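Asker:
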Amino acid sequence: MPIPEQVEKFQRPLARKEVYTTLQKWIVEGVYQPGEIMRDHDLAEALGVSRTPVREALQRLEDEGFVQTAANRWTRVAQINLDEAKNLYPIIWSLEALAISLAQERLTGEHIDAMDKANTRFQQALATGQAIEASQADYDFHQVFIHQSDNPDLIRMLREVKMRLRWLEITYFRGDTLATTSLDEHEAILEALRTDEHKRAIQAVKANWQESLKRVLAQKKR
């Protein structure tokens, strides 16, 4: 798939971070498909930066398993294995259970409203078959309480593992695993937070991811 025609050029001080974030986003959302070549010269030109931050970003993406390289030959998007789901989901529900347990004393009505709005966007995206938008809204819902955990290492770890999961879901299912039953699971989380039932909120978060894994495995059997 070609580089998008409309790409915002980056300010030099932010180039390193923004180039990495953009390239990762293009891989996760399917702008670049598994096995597709990524040429640093073309990417640098499209993003309005030198080849150095592009090469640094590609190296980081290689370290994280998003791309593969052959020295002086090619860089291409890696293949993602559907079996990774069995490894990723338990990590996520365990870390998110910790995140929401740390966050609950900091969560305000404003935060819960933000989660509710994200869930509404999630519902609308599912209803219109917009896989990427649904995935983003689902991600945003969880990010509200993850950020309120006030634990930078936990936030970073969750972001890294969940980006791989979003990549897997979009690549294989185009959002089909983001079933409408997820809406009810989100509502269970919201209701537990509104009533200050901490243990129930933790269990609701874990249940959301556990049910998601079941949906992935069911899709795999089709």
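Residues in the sequence shown are numbered from 1 upward in steps of one, following the UniProt record's numbering.
Where is the CB? At the ideal position from N, CA and C, for every residue including glycine.
Since this is a predicted model, take the numbers as computed values, not measurements.
1) Given a threshold of 16 other Cβ atoms within 10 Å of its Cβ, counted over all protein chains shown, does Asp42 qualify as buried or as exposed?
2) Assign Arg73 to one of two classes, buried (16 or more other C-beta atoms within 10 Å of its C-beta) or exposed (fewer than that).
3) Between Met115 and Val144, which are expected to be in contact by the criterion C-beta below 8 Å, what is the C-beta distance as a whole number of angstroms?
4) For the region 107-126 against the region 134-149, do three or more pairs of beta-carbon atoms, one drawn from each stretch, fall closer than 8 Å, so that the two count as touching?
5) Does DSSP classify Val77 as helix, strand or coil?
6) What is the residue span of the beta strand (DSSP E) that Val19 lies within?
7) Quick check on the DSSP output: the alpha helix (DSSP H) that includes Ala188 runs from which residue to which?
8) Out of curiosity, what's the CA-to-CA distance linking Ser182 and Tyr89?
9) When DSSP labels each residue in this structure, what does Gln68 get in the three-state scheme?
10) Using beta-carbon positions only, say whether Ile80 and Leu168 come within less than 7 Å of one another.
11) Express the C-alpha separation of Leu95 and Leu154 in angstroms, rounding to a whole number.
12) Starting from the Cα of Asp161, find the closest Cα among His147, Ala134 and Asn87 and give me that residue.
13) Quick check: the Cα distance between Ala201 and Gln124, rounded to an integer number of angstroms?
14) When the distance is taken between beta carbons, is Pro53 closer than 7 Å to Val31?
15) Buried or exposed: where does Ala71 fall if 16 or more other Cβ atoms within 10 Å of its Cβ makes it buried?
16) Looking only at C-alpha atoms, which of Gly109, Gln136 and Ser149 sits nearest to Ala99?
17) Evaluate Ile37 with the Cβ neighbour count: other Cβ atoms within 10 Å of its Cβ, from every protein chain shown; 16 or more gives buried, anything less gives exposed.
18) Taking Ile27 as the reference, give the member of Ala218, Gln68, Leu217 and Pro152 with the closest Cα.
19) Exposed or buried, which one is Gln33 when buried takes at least 16 other CB atoms within 10 Å?
20) Go to Pro90, then tell me how far its alpha helix (DSSP H) extends in each direction, as first and last residue.
Answerer: According to the data block:
1) Looking up residue 42 in the sequence shown gives position 42. Asp42 is exposed by the Cβ-count criterion.
2) Taking the sequence shown and counting its residues from 1, one reaches residue 73 at position 73. Exposed, since its Cβ has fewer than 16 Cβ neighbours within 10 Å.
3) For the purposes of this step, residue 115 is taken as residue 115 along the sequence shown, with counting starting at 1. For the purposes of this step, residue 144 is taken as residue 144 along the sequence shown, with counting starting at 1. Taking a contact as a CB-CB distance under 8 Å, the pair Met115 and Val144 counts as one, their CB atoms being some 5 Å apart.
4) Output reads yes: the region 134-149 touches the region 107-126.
5) The count along the sequence shown starts at 1 and reaches residue 77 at position 77. Strand.
6) Reading the sequence shown from its first residue, position 19 is the one you call residue 19. Per DSSP, Val19 is not a residue of any beta strand (DSSP E); the alpha helix (DSSP H) it occupies stretches across Ala15 to Val28.
7) Here residue 188 refers to the residue found at position 188 of the sequence shown. Judged by DSSP secondary structure, Ala188 falls within the alpha helix (DSSP H) whose first and last residues are Thr181 to Arg194.
8) Residue mapping note: residue 182 aligns to position 182 of the sequence shown, counting from 1. Residue mapping note: residue 89 aligns to position 89 of the sequence shown, counting from 1. Looking at the two C-alpha atoms, the distance is approximately 15 Å.
9) Counting from 1 along the sequence shown, the entry for residue 68 is found at position 68. It is a strand residue.
10) Here residue 80 refers to the residue found at position 80 when the sequence shown is read from its first residue. Here residue 168 refers to the residue found at position 168 when the sequence shown is read from its first residue. Closer than 7 Å, so yes.
11) Translated into the one-based positions of the sequence shown, residue 154 becomes position 154. Translated into the one-based positions of the sequence shown, residue 95 becomes position 95. Straight-line spacing of the CA atoms in Leu154 and Leu95 works out to 7 Å.
12) For the purposes of this step, residue 161 is taken as residue 161 along the sequence shown, with counting starting at 1. The sequence shown places Val at residue 161, rather than the Asp named in the question. Among His147, Ala134 and Asn87, the Cα nearest to that of Val161 is on Asn87.
13) If you number the sequence shown from 1, residue 201 lands on position 201. If you number the sequence shown from 1, residue 124 lands on position 124. Roughly 24 Å between the two C-alpha positions.
14) Your numbering for residue 31 matches position 31 in the sequence shown. Your numbering for residue 53 matches position 53 in the sequence shown. Result no, Cβ atoms of Val31 and Pro53 do not sit closer than 7 Å.
15) Numbered from its first residue, the sequence shown carries residue 71 at position 71. With fewer than 16 Cβ atoms within 10 Å of its Cβ, Ala71 is classed as exposed.
16) Taking the first residue of the sequence shown as 1, we reach residue 99 at position 99. The option with the nearest alpha carbon to Ala99 is Ser149.
17) Start at 1 with the first residue of the sequence shown, and residue 37 comes out as number 37. Looking at its Cβ environment, which holds fewer than 16 other Cβ atoms inside 10 Å, Ile37 is exposed.
18) Start at 1 with the first residue of the sequence shown, and residue 27 comes out as number 27. The shortest C-alpha separation from Ile27 is found at Gln68.
19) By one-based count along the sequence shown, residue 33 stands at place 33. Gln33 is exposed by the Cβ-count criterion.
20) Numbered from its first residue, the sequence shown carries residue 90 at position 90. From DSSP, the alpha helix (DSSP H) with Pro90 extends over Ala85 to Ala103.
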